[in-house]
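Student: Residue numbers (this note's numbering), protein chains in the order written: chain A, 599 to 707; chain B, 599 to 707.
Below is one structure. I have some questions about it.
2 protein chains.
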Amino acid sequence: MRSEEWTKSEKAAARRAFDLALDREYAKLAGEVRDRAGRIAGPDDIWRLHDFLTKRRKEIDEKYDYRYSMLVWVFARLVNEGRIGIADLEGLGEKKLAEIRMMTEIGRR
Amino acid sequence: MRSEEWTKSEKAAARRAFDLALDREYAKLAGEVRDRAGRIAGPDDIWRLHDFLTKRRKEIDEKYDYRYSMLVWVFARLVNEGRIGIADLEGLGEKKLAEIRMMTEIGRR
Numbered sequence: 599m600r601s602e603e604w605t606k607s608e609k610a611a612a613r614r615a616f617d618l619a620l621d622r623e624y625a626k627l628a629g630e631v632r633d634r635a636g637r638i639a640g641p642d643d644i645w646r647l648h649d650f651l652t653k654r655r656k657e658i659d660e661k662y663d664y665r666y667s668m669l670v671w672v673f674a675r676l677v678n679e680g681r682i683g684i685a686d687l688e689g690l691g692e693k694k695l696a697e698i699r700m701m702t703e704i705g706r707r
Numbered sequence: 599m600r601s602e603e604w605t606k607s608e609k610a611a612a613r614r615a616f617d618l619a620l621d622r623e624y625a626k627l628a629g630e631v632r633d634r635a636g637r638i639a640g641p642d643d644i645w646r647l648h649d650f651l652t653k654r655r656k657e658i659d660e661k662y663d664y665r666y667s668m669l670v671w672v673f674a675r676l677v678n679e680g681r682i683g684i685a686d687l688e689g690l691g692e693k694k695l696a697e698i699r700m701m702t703e704i705g706r707r
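Written out as structure tokens, the structure reads:
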């Protein structure tokens, strides 16, 4: 099976891992926003928070791309960033996992 | 003297009133941001805060227009919004104050 093809159970596993990473991403971001908001001492801090949110929104929109043609890359990136572990990808086929492992090893060199 | 002309002491008075209003605007905004940040319960709340900041930034940029040709209008608006009082405009000429009072009375009808 080509790695671009996704079985029903692989799709379910991918959805779980994707949502797990996204939940963690948002939990971390919420903490950062609360922290920055708590340290606002003047106008510049307000607009720096605004700029920060503009940047993070764009990054998250781009990173969490749930097209099956992109998911192997997306998961490799999320593993490299420490957002999820290889273990969280249980349920994906061996070929996909091997591709992801290879990309993450490259990413860690 | 035409109301578009500003003496040196009028300019100083205008600057004080303008900065007072802006300080109050930012203090209120900082409180709102802290409050919203403290109530973040999920991704939607983060992006609602981002949208809120985008909107407020545009509004503040437009409202605080320190061109002498605009200042009478700017001050009338700030008085109407309760950001400053007529007393905070002490030092402006009588003609300018009369214009501002007239615009604020219209605004309160």
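From the three backbone atoms N, C-alpha and C, an ideal C-beta is built for every residue, glycine too.
Could you compute how far the alpha carbon of R613 (chain B) sits from the alpha carbon of D642 (chain A)?
Tutor: Mapped onto the second sequence, residue 613 (chain B) falls at position 15. Mapped onto the first sequence, residue 642 (chain A) falls at position 44. Straight-line Cα distance between these residues: approximately 20 Å.
Student: Counting only the same chain and skipping the five closest in sequence on each side, list residues whose C-beta sits under 7 Å from that of L618 (chain A).
Tutor: Sequence index remark: in the first sequence, residue 618 (chain A) carries index 20 (1-based). Within the same chain, L618 (chain A) has close Cβ partners I682 and D686.
Student: Go to Y624 (chain A), then tell me how far its alpha helix (DSSP H) extends in each direction, as first and last residue.
Tutor: Here residue 624 (chain A) is taken as the residue at index 26 of the first sequence, counted from 1. Unbroken alpha helix (DSSP H) run through Y624 (chain A): K606 to G636.
Student: Bridge partners for A688 (chain A) per DSSP, in chain order?
Tutor: Counting from 1 along the first sequence, the entry for residue 688 (chain A) is found at position 90. The sequence given here places Glu at residue 688 (chain A); Ala does not occur at that position. DSSP output for E688 (chain A) lists A:L690 as bridge partner(s).
Student: Which residues of chain B have a Cβ atom closer than 9 Å to the Cβ of W671 (chain A), listed in chain order?
Tutor: Here residue 671 (chain A) is taken as the residue at index 73 of the first sequence, counted from 1. Near W671 (chain A) there are no residues of chain B at all, since even the closest Cβ is about 22 Å away, more than 9 Å.
Student: Name the chain B residues that come within less than 9 Å of I567 (chain A), Cβ to Cβ?
Tutor: The first residue shown for chain A is 599 and the last is 707, placing residue 567 (chain A) beyond what the model contains.
Student: Quick one: Cα of M700 (chain A) to Cα of R637 (chain A), how far?
Tutor: One-based indexing of the first sequence puts residue 700 (chain A) at position 102. One-based indexing of the first sequence puts residue 637 (chain A) at position 39. Between M700 (chain A) and R637 (chain A), the C-alpha separation is close to 41 Å.
Student: What number of angstroms, rounded off, separates the C-alpha of N678 (chain A) from the C-alpha of A628 (chain A)?
Tutor: By 1-based counting over the first sequence, the position of residue 678 (chain A) is 80. By 1-based counting over the first sequence, the position of residue 628 (chain A) is 30. In a straight line, the C-alpha of N678 (chain A) is about 21 Å away from that of A628 (chain A).
Student: For A615 (chain B), collect the residues of the same chain with a Cβ closer than 7 Å to its Cβ; drop the 5 residues on either side in sequence, then sort them by chain order.
Tutor: Within the second sequence, the letter at position 17 stands for residue 615 (chain B). The residues are F673, I682, D686 and L687.
Student: Could you check the C-alpha separation between F650 (chain A) and V631 (chain A) for me, to the nearest Å?
Tutor: On the first sequence, position 52 is the one that residue 650 (chain A) refers to. On the first sequence, position 33 is the one that residue 631 (chain A) refers to. Roughly 9 Å between the two C-alpha positions.
Student: For I638 (chain B), go through chain A and note every residue whose CB falls closer than 8 Å to its CB, in chain order.
Tutor: Taking the second sequence and counting its residues from 1, the one referred to as residue 638 (chain B) is at position 40. What I638 (chain B) touches in chain A: A628, V631 and R632.
Student: Determine, using beta carbons only, whether L618 (chain B) comes closer than 8 Å to chain A.
Tutor: The residue you call residue 618 (chain B) lines up with position 20 of the second sequence. No, L618 (chain B) does not count as interfacial toward chain A.
Student: So, does the CB of A635 (chain A) fall closer than 8 Å to a CB anywhere in chain B?
Tutor: Here residue 635 (chain A) refers to the residue found at position 37 of the first sequence. Yes - at least one Cβ of chain B is within 8 Å of the one on A635 (chain A).
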